[in-house]
Amino acid sequence: MVLSAGRGLKRQADKAGRTSAAATDAQWAAGDAAVRHLQAACRQRPFDVQKSKAAVKDIVLQMRWLKGSDCAFALQALAKLDPAIAADAENALRKQLAGAFQELDARAIAIALWALGTRSESPGSLIALLQQRLVKVSNMLKPVDVSNVVWALAKLRATPLPEGWEAVAVRAHAVAWDMKPHELSITIWAAATLGVVVPDWLLAEWQKVLADRAWMFNAQSVANTLWALSKFFTSPGSFEALMASAIDALVQQAGTLHDWSPQGLANSLAACAALKVHPREIAKLAEWVDTNSLNGTDIGEMAWALGESRLESQLDRVLKRAYILADGGELDWQAIGRLNHALDTVDGSGHMHKKIRKVLAVCASNAVAEVNSARGAMHAGASELLLTMTDG
78 MVLSAGRGLK RQADKAGRTS AAATDAQWAA GDAAVRHLQA ACRQRPFDVQ KSKAAVKDIV
138 LQMRWLKGSD CAFALQALAK LDPAIAADAE NALRKQLAGA FQELDARAIA IALWALGTRS
198 ESPGSLIALL QQRLVKVSNM LKPVDVSNVV WALAKLRATP LPEGWEAVAV RAHAVAWDMK
258 PHELSITIWA AATLGVVVPD WLLAEWQKVL ADRAWMFNAQ SVANTLWALS KFFTSPGSFE
318 ALMASAIDAL VQQAGTLHDW SPQGLANSLA ACAALKVHPR EIAKLAEWVD TNSLNGTDIG
378 EMAWALGESR LESQLDRVLK RAYILADGGE LDWQAIGRLN HALDTVDGSG HMHKKIRKVL
438 AVCASNAVAE VNSARGAMHA GASELLLTMT DG
């Protein structure tokens, strides 16, 4: 009798356990479905705001049943929405992800970092946790994952963990030949932006790939890569042994392209000048300049590059546009400084370009006045605060 009753209780417990497990499985499934619903809502065209809001609400409701990878994919989808719609869900997902980071695979880490980088928000503790996990799974990073990880850290202005960057560098070397042109250029750009030390063995591998495949790069990829190389090698001649053939291949490719943005062309010219590329090649690239499209920032970069390369005829075209922008008050202090540097480089005597020099002098005076005014306002505010504190 006692034995029979015990068996009955065991059957009841087993049944309750199966019921509980089934309920838990159903809840996990509901969380997974909520992520898929969100992804579909974000992809839908034409975009439906109400459906997206409903999907975001569902994610919040299912939050406790989201796995680490679910959080990563949800953040990826939310990064494509208006922050006003997504902010609350994103904050909750980041907290959930911090508790589940140990279960993330390489792809999920790359996706999560990409989402955080897209928002340019840096929850420092979460970034550190993701990097710690990345060290353990970096050997599984795909080429696109490598570029997303390094790009995201650069966008977030994060400080890479030494062991994290070392692991990513090893993987970047392993997949260098499998990267698409934009993936490789983004990776190199981001490494330069982060200011990390790139090992010589990785630079050597990048040189091989760039020298072989620069012909596949579009204007943006060329601009990103040249800019990055100019930041890696700040002392004249230090780049020659490591990246000379890559630089030459990129410059040759640059001369064949016509899909330049003003900023991309300005950055490429400045990079070429910094890398001591032959002025003849810089002059070819400068032929693509549409001066009417240049803004104040781009014109300063371009003038500096042409001045450094002693390309006076090309500089003259840029100076005409600079005069118009200066006269309209559209040059910032950096552009003013670069333009003056270019003028001094090609005409140290100051006897030429008097018209543009005069208007730049006025711009410089106005810029100084603005800085002093802002400084005065700041000091006045500080003084008022101190008086209030004293009175209080």
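In the numbering used here, each number is its position in the sequence shown, counted from 1, plus 77.
Backbone N, C-alpha and C fix where the C-beta goes; we use that ideal spot for every residue, glycine too.
| request: Thinking A363 and Q391 are a contact (beta carbons under 8 Å), I'd like their distance in whole angstroms, please. | output: 4 Å
| query | Quick one: is N369 buried, meaning 16 or more other Cβ sit within 10 Å of its Cβ, or exposed? | reply | exposed
| Cut-off 7 Å between Cβ atoms - residues of its own chain near L158, not counting five sequence neighbours on either side | C119, S129
| message | Does the segment 428 to 443 come into contact with the segment 404 to 411, if we say contact requires no fewer than three beta-carbon pairs (one atom in each stretch) closer than 8 Å? | response | yes
| task | Below 8 Å on the Cβ atoms is my guess for A305 versus W266; work out the distance and round it to an integer in Å. | result | The Cβ separation is near 5 Å, so the contact holds.
| said: Quick check on the burial criterion: 16 or more other C-beta atoms within 10 angstroms. Buried or exposed for D375? | reply: buried
| Neighbourhood of R141 by C-beta distance below 6 Å, restricted to the same chain and skipping five residues each side | none
| query | Shortest alpha-carbon distance to K144 belongs to which of W254, E260, I186? | reply | I186
| Minimum length 4: unbroken alpha helix (DSSP H) runs contained in the segment 152 to 237 | 160 to 177, 183 to 196, 201 to 214, 220 to 232
| How would you call A117, buried or exposed, if buried means at least 16 neighbouring beta carbons within 10 angstroms? | In summary, A117 is exposed, with fewer than 16 beta-carbon neighbours lying within 10 Å of its beta-carbon over all protein chains present.
| query | Going by C-alpha distance, which of A183, W191, T195 is nearest S215? | reply | A183
| message | Using C-beta distances below 6 Å, list every residue in its chain close to F150, excluding the 5 sequence neighbours before and after it, in chain order. | response | Cβ contact annotation for F150 (same chain, cutoff 6 Å, sequence separation greater than five): V112, in chain order.
| Three-state class that DSSP yields for W142 in the structure shown | Helix.
| task | For the alpha helix (DSSP H) holding H335, just list the boundary residues, first then last. | result | In this chain, H335 is not harboured by any alpha helix (DSSP H), its DSSP state being neither H nor E.
| field | Extent of the continuous alpha helix (DSSP H) run through H418 | value | 410 to 423
| query | Got a sec, what are the start and stop residues for the alpha helix (DSSP H) F309 sits in? | reply | 296 to 309
| message | Determine whether the beta carbon atoms of I188 and L233 lie at a separation below 9 Å. | response | Annotated as distal: I188 and L233, with beta-carbon spacing of 9 Å or more.
| Straight-line CA distance for I136 to G108? | 7 Å
| field | Rounded C-alpha distance that separates A192 from I162 | value | 15 Å
| Between the C-alpha atoms of L420 and A348, what's the straight-line distance to the nearest angstrom? | Annotation: L420 to A348 spans about 19 Å, alpha carbon to alpha carbon.
| request: Keeping to the same chain, check which residues put their C-beta closer than 6 Å to that of I433; ignore five residues upstream and five downstream. | output: Around I433: L396, Y400.
| task | Could you round the C-beta distance between P237 and Q208 to whole angstroms and report it? I think they count as a contact, below 8 Å. | result | 7 Å
| query | Where does F178 land, buried or exposed, given buried means 16+ other C-beta within 10 angstroms? | reply | Around the CB of F178, 16 or more other CB atoms lie within 10 Å, so the residue is classed as buried.
| field | Where the alpha helix (DSSP H) containing N344 begins and where it ends | value | 339 to 351
| From which residue to which residue does the alpha helix (DSSP H) around L402 run? | Boundaries of the alpha helix (DSSP H) harbouring L402: 389 to 404, taken from the DSSP string.
| 7 Å Cβ shell around Q330 - same chain, five flanking residues per side excluded | A291, W292, F294, V299
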